[in-house]
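One structure is given here, and the rest of the page talks about it.
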Amino acid sequence: MSKQVIVVGSGNAALCAGIAALEAGARVLMLEKADEALAGGNTIYTAGAMRFAYDDKEDLLPLLSDTSDPRLPQTDFGGYSQDKFGQDLLAFNGGRPLSPEQTRLIGKSLPTMQWLASHGVTFEPIYSRQSFEKDGRIVFWGGLTLAAENEGVGLFDMELAAFLKLGGEIRYDSAVTSLMTEDGSVTGVYVGPEALPADAVILACGGFEANAEMRDKLMGGNWAKAKVRGTPHNTGDGLAMALDAGAQKRGLFDKCHATPMDLHMADYGGLDLPPSERKHYRKICYFLGVMLNANGERFLDEGANFRNYTYAQFGKAVLDQPGHFAWQVFDSKVADLLYAEYNFHDAHFVEADSLKALCGKLDGVDPNAALDTLTAFNEAVDDSRPFDPTILDGKGTRGLPVPRSNWAQKLDTPPFKAFPVTGGITFTYGGLAISDRGAVLDGNGADIAGLYACGEMVGGVFFEGYPGGSGLTSGAVFGRLAGANAAQ
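With the working numbering, letter number 273 in the sequence shown gets 273, and the count goes up by one each step, no holes.
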């Protein structure tokens, strides 16, 4: 008789777990806390980018939704080796070696993408955010090349279609309130008073980023002040249930993915908006301009590295500034390079024809100090190097207390625009320890029978930061692992 598997959650990791369990012959019931309109967890808030190791274009073509795109012959995707993926993760490990979870993520990244494609999940090149034209070629940078067709919403829709096609069942408005246990084994779940027995339970219900009390308790600092840019339903329920069942913690609970966001964004990106628009509140083109705090000072190197290696960390840097905000300042030279979210209908900004006038419009900022900072920045820009956004161009500054390493251009072409930002939390890094089968481990390092975890629930994947696009890939890799083994 086939196994009964219950998956808690309905995002990318949950759906990959469900698909893998169905493939292995299990019956799968997916329980989603939200109603149907808000299902999909954080997945529907993402731009759908997925980082994975590949050799060259030939690895990418079978994953694409449209291989007839006329841009493909002029596109240089480069390659992204497993070794490079490992180096990128190590850069955020704070001196730690690659964890077993990271090693699995790297090695299984391409096979998992190919597996998703075999279930009708297709991808498209991220031309708008990860490439620039150079010498008649379209050059990709930063090792991140593909996103799901129609971004995060499309990823959810395609994975859900695959799950239902294989015979999976999903119930909405069904918040799991506790685990059923017997003699140390997990035997099902409770949805309020309703008992739902199962041979295995997979927790795929996200982290605790939408729970201000848990953020304050487990993370400290200014995290209680952060905007929540994802689903309101990731409130740490699965983590609490697992810990009550004796699960072992894993990872850094005071670290997370945090992005600069529009200061005036409603929490959760505005639930009145279509899911595809909620992500437009992020503001991650700081590398093309300058960021100022309330004291009118720069506080970080905006060009330290490619954007997809810094944005998940810079949200915290903004949150830690006086008043928990900053302003991003640009001139019109880069207007065509700013991402679509800067032209979003609800984007907040001020505009002026001179830097002095602009500084007078920066709410909460010392205008004289701001003008002094921008003037000093302009004087320090190294004009001997050309601006080249396809590489780390070394076009920096000289003699500033806070250096600028790349893509420094004088702010000298009006009109000038400035956008107010704060720190927006996306997902937490601390989670549960799992075995190489995806089973949740207890305090002694033994499997908790019948309990599995994936997605944000898994600790040890990210530590002090992450290279962009790794989160969705991690969810898919560990979702597939948990689902396949839960079904056995």
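Don't be surprised by glycine CBs; every beta carbon is placed ideally from N, CA and C.
Spatially closest choice to residue i from the options, by CA coordinates
i	options	result
G323	G364, R229 and F163	G364
S128	G48, L98 and F156	G48
A24	K3, D35 and A39	K3
D382	L371, V402 and W407	W407
H348	M265, T122 and E464	M265
E464	G78, L22 and L98	L98
M50	A487, F478, S470 and R480	S470
G206	A39, I391, V421 and P386	A39
L338	A148, S131 and V139	S131
R71	Y342, V139 and A294	V139
Y342	Y286, L292 and L300	Y286
F306	L146, P389 and G315	P389
E379	I391, E456, S405 and Q409	Q409
P73	V121, G136, V228 and I19	G136
A245	A204, R282 and G184	G184
V191	G167, G303 and D237	D237
T310	P467, V440 and L239	P467
P420	L358, D55 and A162	L358
D76	K57, G120 and L61	K57
N485	F462, I434 and G443	I434
S276	F156, S384 and Q82	F156
I490	L288, G220 and G188	Because the chain spans 1 through 488 in this model, residue 490 falls outside it and cannot be assessed.
Exposure label - residue i; buried when at least 16 CB within 10 Å
i	result
Q87	exposed
A37	exposed
T67	exposed
A224	exposed
L271	exposed
T413	exposed
V457	In the sequence as displayed, the identity of residue 457 is Met instead of Val. Its Cβ being crowded by 16 or more others within 10 Å, M457 is buried.
A21	buried
K165	exposed
H280	buried
L61	exposed
P111	exposed
H345	exposed
P260	buried
I284	buried
F331	Checking the displayed sequence, the identity of residue 331 turns out to be Asp instead of Phe. The residue in question, D331, is buried, as its Cβ has 16 or more Cβ neighbours within 10 Å.
R398	exposed
E124	buried
G95	exposed
A294	buried
I391	exposed
E182	exposed
M241	buried
Run of the beta strand (DSSP E) containing residue i, from where it starts to where it stops
i	result
A439	A439 to L441
Y190	S185 to V191
A449	D447 to A453
L179	S178 to E182
A352	V350 to A352
L196	E194 to P197
V5	Q4 to V8
V334	Looking at the DSSP string, V334 is not in any beta strand (DSSP E), and its letter there is neither H nor E.
A200	A200 to L203
E464	First-last for E464: undefined, no H or E at that position.
R171	E169 to R171
Boundaries (first-last residue) of the alpha helix (DSSP H) holding residue i
i	result
D237	D237 to D244
E277	P275 to R278
L90	Q82 to L90
S217	It should be pointed out that residue 217 corresponds to Lys in this sequence rather than to Ser. Counting along the chain, the alpha helix (DSSP H) containing K217 begins and ends at A212 to L218.
C359	L355 to C359
P367	P367 to A380
V477	S470 to A486
E23	N12 to E23
Contact belief for residue i with residue j at Cβ below 8 Å, rounded distance in angstroms
i	j	result
L432	A453	5 Å
L374	V329	7 Å
L400	F377	7 Å
L301	P403	According to the sequence displayed, residue 301 carries Asp and not Leu. With 8 Å as the limit, D301 and P403 qualify as a contact, their Cβ atoms being about 6 Å apart.
G143	Y80	4 Å
A418	L362	6 Å
Near the ligand NAD: residue i beta-carbon under 7 Å from a heavy atom
i	result
W141	Of the ligands one can find in the structure shown there are none, so the ligand NAD has no counterpart to examine.
Any C-beta of chain D under 8 Å from that of residue i
i	result
Q102	No chain D is present in this structure, which holds just one protein chain.
Extract the residue ranges of the beta strand (DSSP E) inside the segment 103 to 164, only unbroken runs of 3 or more that lie entirely within it.
Runs of the beta strand (DSSP E) inside the segment 103 to 164: 123 to 125, 131 to 134, 137 to 140 and 146 to 148.
Alpha helix (DSSP H) runs contained entirely in the segment 26 to 79, provided each spans 4 or more residues
Listed in chain order, they are 57 to 60.
Of all the beta strand (DSSP E) runs that stay within the bounds of the segment 400 to 444, which reach a length of 3 or more residues?
For the segment 400 to 444, whole beta strand (DSSP E) runs of length 3 or above, ordered along the chain, are 416 to 428 and 439 to 441.
Could you give the uninterrupted runs of the alpha helix (DSSP H) lying entirely in the segment 258 to 330, keeping only those of 4 residues or more?
Counting whole runs of 4 or more residues, the segment 258 to 330 contains the alpha helix (DSSP H) stretches 275 to 278 and 311 to 319.
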